[in-house]
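Per numbering that gives the first Met the number 0, the very first residue in the sequence shown carries number 0; after that it's consecutive.
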Amino acid sequence: MSADNQQESLDAEWIAGFVDGEGCFHVAINRQPKMTLGWQVLPEFRIVQHKRDINILHTICKTLEVGHVTRNHGDRFEVRVRGLQNLKKLIEFFKKHPLQTTKKENFETFSQIIILMDDNEHLTKKGLKKIAQLASSMNNHVKSKYLESSETIRRTLRKKK
């Protein structure tokens, strides 16, 4: 699709189907000493495509009215959506246009995390642990760095005694 004949927007159901196949809801929790608890919660939505399909990524951003296109790696580019307000807008879109694959489960968990963050739960130890547990249940069930950190493990061991 060339830039000259690119559509102004895409059908919402088409985008939902495309995201079912190509999208990713992800929540990283990284050590960040400057943050209240020393950890930063970074939720994001991404779609990665080869550079030959960069125009569709731009059109998706324009249609959703959130996100931006950036280089992912090498000849791959991505739509990336971050920020609570943008992610809340994205969640509303997918509530109106539901995903159909197992990605729907990741989306529902992602939505729970965004609600917790919107309620500032990520700024409490209890809330951060809940978010980390939810994030670890998504995608390939990769355990959060926060749950594997020595401070979290020590706290859990102290409670068991």
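Each residue gets a CB set at the ideal place from its N, CA and C atoms; glycine is no exception.
* Asked: Leaving out the 5 sequence neighbours to the left and right, which residues in its chain are closer than 7 Å to Q111 when beta-carbon positions are compared?
  -> L133, listed in sequence order.
* Asked: Buried or exposed: E7, going by 16 or more other Cβ atoms within 10 Å of its Cβ?
  -> Note on E7: under 16 other CB atoms within 10 angstroms of its CB, so exposed under the neighbour-count rule.
* Taking L63 as the reference, give the member of K102, K94 and A11 with the closest Cα. => The option with the nearest alpha carbon to L63 is A11.
* Grouping DSSP H, G and I as helix and E and B as strand, with all else coil, what is E41? -> Checking the sequence, you will find Leu at residue 41 rather than Glu. Shown here, L41 sits in a strand according to DSSP, grouped into three states.
* Pull up the DSSP beta-bridge partners for V80, would you. => BP columns for V80 point to F44.
* **Simplified DSSP assignment, three categories, for T58** => Assignment of T58 by DSSP, reduced to helix, strand and coil, places it in the helix class.
* To do: Mark I114 as exposed unless 16 or more other C-beta atoms lie within 10 angstroms of its C-beta, in which case mark it buried.
  => Around the CB of I114, fewer than 16 other CB atoms lie within 10 Å, so the residue is classed as exposed.
* In three-state DSSP terms, what is G66? -> Note: G66 maps to coil in three-state DSSP.
* Spatial neighbours of N71 within its chain, please: CB distance less than 7 Å, with the 5 preceding and 5 following residues excluded, ordered by chain position. => Correct list, in chain order: V47 and E77.
* Asked: Just how far apart, CA to CA, sit F109 and E43?
  -> Each residue's Cα considered, the two are about 9 Å apart.
* Asked: Could you check where the beta strand (DSSP E) with N29 kicks off and where it finishes?
  -> Run containing N29: G22 to R30, per the beta strand (DSSP E) assignment.
* For L121, name the three-state secondary structure that DSSP assigns. => For clarity, residue 121 is His in the given sequence; the question names Leu instead. Helix at H121.
* Residues sharing a beta bridge with R75, DSSP -> H49 and H72.
* Asked: Whose CA, out of T101, E107, K61 and R81, lies closest to the CA of L93?
  -> Checking the displayed sequence, the identity of residue 93 turns out to be Phe instead of Leu. For F93, the closest alpha carbon among the candidates T101, E107, K61 and R81 is that of E107.
* **Coil, strand or helix - M34 by DSSP** => When DSSP states are grouped into helix, strand and coil, M34 belongs to the coil group.
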